[in-house]
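Q: Numbering (this note's numbering), first residue to last: 345 to 742.
All C-beta atoms in this analysis are idealised placements derived from N, C-alpha and C, irrespective of residue type, glycine included.
These figures come from a predicted structure and were not determined experimentally.
Structure below.
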């Protein structure tokens with residue numbers, strides 16, 4: 345864990361703690377994106393929401409993130425990483441405040457939209473800042489970034505579900521606690537020296553994300569892997585806790601949160617353990633593993649056994665970690681230093697698209713035919729997509 349040890353100063357800033365700060369911020373931001381997952385069941389029961397409404401609330405976050413990744417890379421290349429990270433952190437706080445006082449669906453939609461814009465900006469500008477700080481550690485940065493994402497989601501979902509189940513004000517207190525963490529990170533950012541000294545020239549614009557021609561094949565291999573992985577993540581965060589509770593008969597909020605958290609934790613542990621596994625091979629193994637484990641979640645749910653559901657969630661998370669982590673590491677190794685912002689924008693643009701559209705489709709189908717009826721079809725389709733991603737990664741001339 346040399347990247348977190350602070351044994352040497354980071355490039356461009358001379359601050360030993362800069363890399364750890366940015367990495368932690370990305371983890372907390374992804375935690376904010378996932379923390380409402382255990383609370384959707386409460387919103388559904390108290391506000392009588394349909395599965396489609398729930399998935400739209402979730403997916404509006406992804407659509408806002410799409411917009412953010414279109415501009416944040418270019419903006420951070422032009423004005424620096426720190427201003428983008430500060431603005432995005434402030435936006436996270438505003439979104440949490442709206443969640444805190446939400447009394448209707450529209451307030452939830454606005455809060456999720458703000459969080460999508462903020463998290464998308466932090467992910468892109470943060471990834472570029474980490475590569476600025478440790479330009480010779482692309483592989484390690486990709487690995488640690490993927491682990492931070494999943495650790496952030498794990499901690500946030502578990503904390504949210506525990507607070508919602510056992511503490512007063514279940515739809516209020518979780519947002520107060522994580523809001524305090526985000527404010528703390530914002531204070532730390534104020535002391536951060538700018539990481540990006542080689543600014544691009546010209547006026548700011550909404551630029552089309554682009555990929556350098558010399559790494560186009562590597563980029564598409566990485567992008568296909570993350571698209572398959574994040575299509576699964578979207579449904580896991582929005583619908584799977586409710587389905588797991590229905591099938592097992594365990595309606596404790598901690599159970600629903602833990603089902604998702606165990607997936608995220610397994611993903612983080614696998615990413616940290618896969619240091620010596622070549623990135624491309626890791627992604628391919630992960631794609632195949634997700635295809636198989638998705639199909640195996642169907643008999644696990646049919647068994648009504650909570651331990652079987654936990655086990656398959658952990659296996660699915662481990663495969664997700666290999667796929668996502670391997671794809672991100674592979675891209676981090678090959679992206680040119682002067683094209684980081686726009687390349688990462690393109691990468692996460694495809695990732696969030698893959699998260700949003702399947703999630704909305706699953707929500708519409710669940711509202712029409714029932715969540716129990718449509719999940720096997722979703723699992724089969726997502727499994728086929730994972731296999732397709734792996735096949736495209738190994739065929740010649742990808």
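List, from N- to C-terminal side, the beta strand (DSSP E) runs of 3 residues or more that fit wholly inside the segment 690-718.
A: The qualifying runs do not exist here; there are none.
Q: Nearest by alpha-carbon distance to residue 425: which of 720, 466, 531, 402 is it?
A: Residue 425 has its Cα closest to that of 466, out of 720, 466, 531, 402.
Q: Looking at the structure shown, is residue 359 part of a helix, part of a strand, or coil, going by DSSP?
A: In the structure shown, residue 359 sits in coil (DSSP, three-state: anything other than H, G, I, E or B).
Q: Short of 7 Å in beta carbon distance, which residues of its chain neighbour residue 656, apart from the five on each side in sequence? Order them along the chain.
A: Within the same chain, residue 656 has close Cβ partners 637, 640, 641, 644.
Q: Check whether the Cβ atoms of residue 370 and residue 445 lie closer than 8 Å to each other.
A: Cβ distance not < 8 Å, so residue 370 and residue 445 don't count as in contact.
Q: Could you say which of 451, 502, 431 lies nearest to residue 470 if we only look at CA atoms?
A: Cα-wise, what sits closest to residue 470 is 431.
Q: Count Cβ pairs between the segment 410-430 and the segment 685-697 that sit closer than 8 Å; are there 3 or more?
A: Yes, since at least three Cβ pairs between the segment 410-430 and the segment 685-697 fall closer than 8 Å, the two stretches touch.
Q: From residue 673 to residue 485, what does the alpha carbon distance come to, in whole angstroms?
A: Each residue's Cα considered, the two are about 7 Å apart.
Q: Helix, strand or coil: how does DSSP classify residue 394 here?
A: Three-state result, residue 394: coil.
Q: Span of the alpha helix (DSSP H) holding residue 671?
A: Segment 650-678, the alpha helix (DSSP H) holding residue 671.
Q: Span of the alpha helix (DSSP H) holding residue 443?
A: From DSSP, the alpha helix (DSSP H) with residue 443 extends over 425-444.
Q: Along the alpha helix (DSSP H) that carries residue 529, what are the first and last residues, could you check?
A: Run containing residue 529: 517-534, per the alpha helix (DSSP H) assignment.
Q: Rounded to whole angstroms, what is the Cα-Cα separation between residue 624 and residue 452?
A: Their Cα atoms are separated by approximately 39 Å.
Q: What alpha helix (DSSP H) runs, 4 residues minimum, are completely inside the segment 578-603?
A: Counting whole runs of 4 or more residues, the segment 578-603 contains the alpha helix (DSSP H) stretches 584-592.
Q: Taking the straight line between their C-alpha atoms, what separation do you get for residue 722 and residue 540?
A: When rounded, the distance between both Cα atoms is 42 Å.
Q: Looking at the structure shown, is residue 448 part of a helix, part of a strand, or coil, going by DSSP?
A: Of the three classes helix, strand and coil, the one that applies to residue 448 here is coil, per DSSP.
Q: Look at residue 580 and residue 606 and say whether their C-beta atoms are less than 8 Å apart.
A: No, they are not a contact pair.
Q: DSSP three-state label for residue 620, please.
A: Of the three classes helix, strand and coil, the one that applies to residue 620 here is coil, per DSSP.
Q: Assuming the contact rule is C-beta atoms closer than 8 Å, residue 578 and residue 703 should be a hit. Round their C-beta distance to whole Å, please.
A: With 8 Å as the limit, residue 578 and residue 703 qualify as a contact, their Cβ atoms being about 4 Å apart.
Q: With a threshold of 6 Å on Cβ separation, who are the neighbours of residue 652 within its own chain once the five nearest residues in sequence on each side are excluded?
A: These residues qualify, in order along the chain: 644.
Q: Cα separation between residue 594 and residue 536?
A: If I take the Cα positions, the gap works out to 46 Å.
Q: Identify, in the order they occur along the chain, each residue of the same chain with its Cβ nearer than 6 Å to the Cβ of residue 696, setting aside the five sequence neighbours on each side.
A: Counting only Cβ-Cβ distances below 6 Å, and skipping sequence neighbours, we find 406, 409, 410.
Q: Return helix, strand or coil for residue 540, following the three-state DSSP convention.
A: Reduced to three states, the DSSP call for residue 540 is coil.
Q: Would you call the segment 655-671 and the segment 611-624 in contact, with 3 or more CB pairs under 8 Å?
A: Touching, yes, given that three or more Cβ pairs across the two stretches are closer than 8 Å.
Q: Just to confirm, is the Cβ distance from residue 733 to residue 572 under 8 Å?
A: Going by C-beta atoms, residue 733 is nearer than 8 Å to residue 572.
Q: Let me check understanding here. Comparing Cα to Cα, which of 376, 682, 718 lies closest to residue 527?
A: Among 376, 682, 718, the Cα nearest to that of residue 527 belongs to 376.
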